[in-house]
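I have placed the structure first, in the form of structure tokens, so that the comments after it can refer back to it.
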Amino acid sequence: MIHLRSTAIASLMLSALAAPALADCPDFGEGSLRLLSNEHASVDIVVNRIEECATDDFTVSANLNTEHATIQGPALSVFPSEYNVVVIANGSLTSLLNADLVRPLDDLIAEYGEQLLPHQQIRVNGQTVAIAFMANAQHFFFREDVLEQAGVPVPTTYEEVIEAARAIREQGIMEYPLAATMIPEWSLAQEFVNMYLGRGGEFFEAGSGAPNIDEEKAIATLQMLREMSTYMNPDYLTFTTDAIVPIWEAGEVAMANLWGSQASTFLPENSPVPDIAAATRFAAAPSVGGNDVPATTVWWDGFAIPRNITDEDAATAFQAMMYGLSPEMVAENPTAAVWLIDGYEPTDAAVGIIASVQGGAPSYSMLPYMGLMHDAFGSNMAAFMTGGKTAEETLADALRDYETSARQAGFLD
Numbered sequence: 047m048i049h050l051r052s053t054a055i056a057s058l059m060l061s062a063l064a065a066p067a068l069a070d071c072p073d074f075g076e077g078s079l080r081l082l083s084n085e086h087a088s089v090d091i092v093v094n095r096i097e098e099c100a101t102d103d104f105t106v107s108a109n110l111n112t113e114h115a116t117i118q119g120p121a122l123s124v125f126p127s128e129y130n131v132v133v134i135a136n137g138s139l140t141s142l143l144n145a146d147l148v149r150p151l152d153d154l155i156a157e158y159g160e161q162l163l164p165h166q167q168i169r170v171n172g173q174t175v176a177i178a179f180m181a182n183a184q185h186f187f188f189r190e191d192v193l194e195q196a197g198v199p200v201p202t203t204y205e206e207v208i209e210a211a212r213a214i215r216e217q218g219i220m221e222y223p224l225a226a227t228m229i230p231e232w233s234l235a236q237e238f239v240n241m242y243l244g245r246g247g248e249f250f251e252a253g254s255g256a257p258n259i260d261e262e263k264a265i266a267t268l269q270m271l272r273e274m275s276t277y278m279n280p281d282y283l284t285f286t287t288d289a290i291v292p293i294w295e296a297g298e299v300a301m302a303n304l305w306g307s308q309a310s311t312f313l314p315e316n317s318p319v320p321d322i323a324a325a326t327r328f329a330a331a332p333s334v335g336g337n338d339v340p341a342t343t344v345w346w347d348g349f350a351i352p353r354n355i356t357d358e359d360a361a362t363a364f365q366a367m368m369y370g371l372s373p374e375m376v377a378e379n380p381t382a383a384v385w386l387i388d389g390y391e392p393t394d395a396a397v398g399i400i401a402s403v404q405g406g407a408p409s410y411s412m413l414p415y416m417g418l419m420h421d422a423f424g425s426n427m428a429a430f431m432t433g434g435k436t437a438e439e440t441l442a443d444a445l446r447d448y449e450t451s452a453r454q455a456g457f458l459d
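Quick note: to get this note's numbering, add 46 to the position in the sequence shown (first position is 1).
In structure tokens, the structure reads:
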């Protein structure tokens, strides 16, 4: 089981250390960086910095793909691997470890990783298997001016979010004041995971892959998600954060629970609509069900090096990532992410993530069977959200699908 505790993330985010000026490109020799990642503006920044050092002998390529999770297993299973760096998170590293597809990094850290902070080094069974470089969490974005116009206080619970949305609609201010990233399957299931955990729910029996779902809390979570959707654009099941940004900038949305890594897009200096951006605020994710813990999960994003490449290829890739993830990069891009890198000073874009961490939001589970549970809910929730299933049917079907996949994976007898 792998942990990067929320308290550790918080201490990193709150550190304030000076960073030196931009360094010259190092000599990477002959080789390449071949990176696979989810679409992420912060990863773009890292890749672009490394790309500036490309030569005839050192080439840079990156596949930033929303389907990266389905690509990485097959791509890393061949020798040599198609990629020599894979960007992962605490929700995706476990499957690669279970398949023995990533290599220990301790030798590379000893030779090239002097800049790394201890909490960046993700260790499993005494070995460092990944390097974390930024923290992330979904949290509350809201239009302060719209809430004031509607005469409602800033919501701190999901129950209050629904009340605020109702008031905004009834007063004719906005028809669809809520937004969320609820694309089936993974993103929609993530909304369930966040809110169910926020109610104090658990997924598994202690030390086991046996499911331990609290039916009452699970059904209440499903019902609240569907109630929230009635205050969202009818096409809400197609919305990514990139789709929400333009309707936010058009003044059509007042509240959303979005990934903190996108917060800088909403700041006045980065927005084409400065008046709306100036009224946009960030806060911890709302709590739910009478609990006071933000209903979200804390993530780290980082990188791993595939096992199925040569030692020389691994060394080149690691050195390139150290250059791309340097304190100099952080100094040039302070609002691009909540960096877990030496020299990071929290900015306005980090407010919501830090507030969620300080409020006690848990880290997303690294249990090896959590991904199967996540997928099981993801496969069944869209039908519920569109009225094709009841909450009870959705829960039963998700548990059935989980138990089937967990048995196939050897997690259940």
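Where is the CB? At the ideal position from N, CA and C, for every residue including glycine.
Keep in mind it's a predicted model, so treat the numbers as computed, not measured.
Item: DSSP state of P352 mapped onto helix, strand, coil; Value: strand
Item: Residues sharing a beta bridge with M301, DSSP; Value: F188 and L224
Item: A428 (DSSP reduced to helix, strand or coil); Value: helix
Item: Helix, strand or coil at A121 according to DSSP, with G and I counted as helix; Value: helix
Item: Cβ pair A108, V93 closer than 8 Å; Value: yes
Item: Burial state of F125, where buried means 16 or more other Cβ atoms lie within 10 Å; Value: exposed
Item: Distance CB(R80)-CB(N130) smaller than 8 Å; Value: yes
Item: With 16 other Cβ atoms within 10 Å as the buried cut-off, status of N136; Value: buried
Item: Stretch-stretch touch, CB-based, cutoff 8 Å, three pairs: the region 149-169 with the region 380-397; Value: yes
Item: Outcome for Q365 when other beta-carbon atoms lying within 10 angstroms are tallied against a minimum of 16; Value: buried
Item: Start-to-end residues for the alpha helix (DSSP H) that takes in Q236; Value: W232 to G244
Item: Residues bridged to I134 (per DSSP); Value: G348
Item: Simplified DSSP state of L68, which is helix, strand or coil; Value: Here the model assigns L68 a pLDDT of 36, short of 50, so the residue's position is not dependable, and the following value carries that caveat. If DSSP states are grouped into helix, strand and coil, L68 belongs with coil.
Item: Assigned exposure category for P340 - 16 Cβ within 10 Å defines buried; Value: buried
Item: Contained alpha helix (DSSP H) runs [length at least 4] in the region 367-406, N- to C-terminal order; Value: 373-378 and 397-404
Item: G77, DSSP secondary structure in three states; Value: strand
Item: Cβ contact (3+ pairs, closer than 8 Å) linking the region 195-208 and the region 400-416; Value: no
Item: Rounded C-alpha distance that separates T267 from I229; Value: 17 Å
Item: Three-state secondary structure (DSSP) of I177; Value: strand
Item: Residue-chain proximity (M375, chain B), Cβ-Cβ < 8 Å; Value: Included in the structure is just one protein chain, with no chain B present.
Item: Simplified DSSP assignment, three categories, for F104; Value: strand
Item: Contact under 8 Å by Cβ, M427 with A296; Value: no
Item: Integer Cβ distance of I91 from M301, believed to fall under 8 Å; Value: Wrong, their Cβ atoms sit about 28 Å apart, outside the cutoff.
Item: Identified DSSP bridge partners for L110; Value: S83
Item: Residue environment, S254, which counts as buried when at least 16 other CB atoms sit within 10 Å; Value: exposed
Item: Distance, S451 Cα to P318 Cα; Value: 46 Å
Item: Integer Cβ distance of Y277 from A211, believed to fall under 8 Å; Value: 4 Å
Item: Span of the alpha helix (DSSP H), counted from its first residue to its last, around I229; Value: From DSSP, I229 is part of no alpha helix (DSSP H); its letter is neither H nor E.
Item: Own chain residues within Cβ distance below 6 Å of P380, not counting five before or after; Value: T393
Item: Meets three-Cβ-pair contact criterion under 8 Å: the region 149-159 and the region 343-357; Value: yes
Item: V344 vs S425 beta-carbon contact at 8 Å; Value: no
Item: Simplified DSSP assignment, three categories, for V170; Value: strand
Item: Euclidean distance between Cα positions of Q118 and L82; Value: 7 Å
Item: Within 8 Å, strictly: CB atoms of F187 and T342; Value: no
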